[in-house]
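A.B. asks:
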DNA sequence: GCTCATAAGGTACGCCGCGTACCCTACAGG
DNA sequence: CCTGTAGGGTACGCGGCGTACCTTATGAGC
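Chains as they are written, first to last, in this note's numbering: chain W, 61 to 253; chain D, 61 to 253.
1. Report yes or no: is there a C-beta of chain D within less than 8 Å of the C-beta of residue 68/W?
2. Tell me whether residue 93/W is buried or exposed, calling it buried when 16 or more other Cβ atoms sit within 10 Å of its Cβ.
3. Quick one: is residue 239/D near chain W, going by C-beta distance under 8 Å?
4. Since residue 95/D contacts residue 84/D with CB under 8 Å, what's their CB separation in whole angstroms?
5. Distance check for residue 113/D and residue 177/W, CA to CA, integer angstroms please.
6. For a cutoff of 8 Å on Cβ pairs, would you count residue 193/W as touching chain D?
7. Residue 247/W by DSSP, collapsed to three states: which one?
8. Count the other C-beta atoms from every protein chain shown that fall within 10 angstroms of the C-beta of residue 205/D, then say buried if there are 16 or more, exposed otherwise.
9. I'd like to know whether the C-beta atoms of residue 167/W and residue 160/W end up nearer to each other than 8 Å.
10. Would you decide whether residue 91/W is buried or exposed? Buried here means 16 or more other CB atoms lie within 10 Å of its CB.
11. Would you mind working out which of 198/W, 231/W, 201/W, 187/W sits nearest residue 216/W, comparing C-alpha positions?
12. Whole angstroms are fine: how far does the CA of residue 237/W sit from the CA of residue 146/W?
13. Which residues in chain W sit within 7 Å of residue 252/D, going by Cβ to Cβ distance?
14. Report the start-end ranges of each alpha helix (DSSP H) in the region 115-152 of chain W that is 4 residues or longer and not cut off at the edges.
15. Let's test the definition: count the other Cβ atoms within 10 Å of the Cβ of residue 136/W and tell me whether it reaches 16, buried, or not, exposed.
16. Here's the rule I'm using: 16 or more other beta-carbon atoms within 10 Å means buried, otherwise exposed. How should residue 36/D be labelled?
17. Does the CB of residue 202/D have a neighbour CB from chain W at under 8 Å?
18. Can you confirm whether residue 218/D, when its beta carbon is compared against all beta carbons of chain W, has any partner nearer than 8 Å?
19. I'd like the list of long-range same chain contacts for residue 232/W, defined as Cβ closer than 6 Å, with 5 residues on each side in sequence excluded.
20. Measure the alpha-carbon distance for residue 190/D versus residue 207/W and round it to whole angstroms.
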């Protein structure tokens, strides 16, 4: 039977299969044998490309989510912040996020993987978006200029992340997001005046 | 040879061995066979008491750390907060903390284990300590009464936790703790006026 | 077209770790 | 003294990762 796949085509097939496994079984359930079987190939082809399961997991996750970065502009700082948190919450509580958390958990005792993850999960982009948002609010006179600081900008996402880590899993209720904004973020911004 | 250990004695021996393995190899390196060998017994005795590795890990961790809860009273809110963060940072960056993080990572996709962990890791006690601290500050007139809220009280620890999750591992530098206090916690409290 | 290095496919295997089964042996308590 | 219970010893099944080794297609270069 002709047509033996090669190079890029095969690579995409593997990533596709790995992503599907991730979706269905999470990272801890993604086995190399099943990925190989599903991609209609064998483990050799995989190990020739990625050194170990974790690397494949990360690559597949990236392939799975090319999440566009939000940049809301509701006109008020409160609205923008809430919107950002809600989108993040949606992303993280989706199957997507479950996978991401699984990966993170697996990477927790492997610094190398952790940095790989951070690079590829767009955390930096996210932080910059928050800072930009704060900056626009300051320009509108809605926030003191002194509040435009990384620590302030990243605080809400940090809190959301921590909330996920605390609760077992699925989704953080919307009230919590509102609390983070109204009881922490906005007072925090105000407090910098 | 006489003296075959039984019941509680044996149980303690197992926990002791498991704790030692945790210390030396972390959770991911703690194998049942080695725990059994080190305790001078066999896996049967272990599985008769704990249903799986994770349960033993948690029990051993608890056995390992009966961490006393701090309750600093430096006279200022800033001093108290910094002290609390520093102690937490010390705990978490010690071998102890590494183990705890390993356990947490392992428990990440198992809600049952997560709740078990939370119960036993004294997170609630910690939160109450922070709230008490805030309350005393309010009583001294150092903080507005409106700032005495759980979300506010737990924010610094949440941020520290998130900081650990972000960076690969070991210890969060002291400057970060200071930033959390000066750029987030204190402005946040002030902002509730 | 032919040749040949290269990459894919097939398969089996080593290793390790978890959890279980089975049988033997000490020991406590009646 | 006898017996049930719990500990000890050992072996094993299973699954998953990563590796080894050989066979087979394929496309690039002559």
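Each residue gets a CB set at the ideal place from its N, CA and C atoms; glycine is no exception.
C.D. replies: Straight from the coordinates:
1. No, because no Cβ of chain D sits closer than 8 Å to the Cβ of residue 68/W.
2. exposed
3. yes
4. Not a contact, Cβ separation roughly 11 Å.
5. 27 Å
6. no
7. helix
8. Looking at its Cβ environment, which holds fewer than 16 other Cβ atoms inside 10 Å, residue 205/D is exposed.
9. Contact flag unset, no.
10. Label assigned to residue 91/W: exposed.
11. When only C-alpha atoms are compared, the closest one is 187/W.
12. 7 Å
13. 247
14. none
15. When all chains shown are included, residue 136/W counts as exposed.
16. What the structure shows of chain D is the stretch from 61 to 253, and residue 36/D is not part of that stretch, so it cannot be assessed.
17. Residue-level contact by beta carbon fails for residue 202/D and chain W, as no gap is shorter than 8 Å.
18. Nearest CB-CB separation between residue 218/D and chain W: below the 8 Å threshold.
19. 149, 223
20. 24 Å
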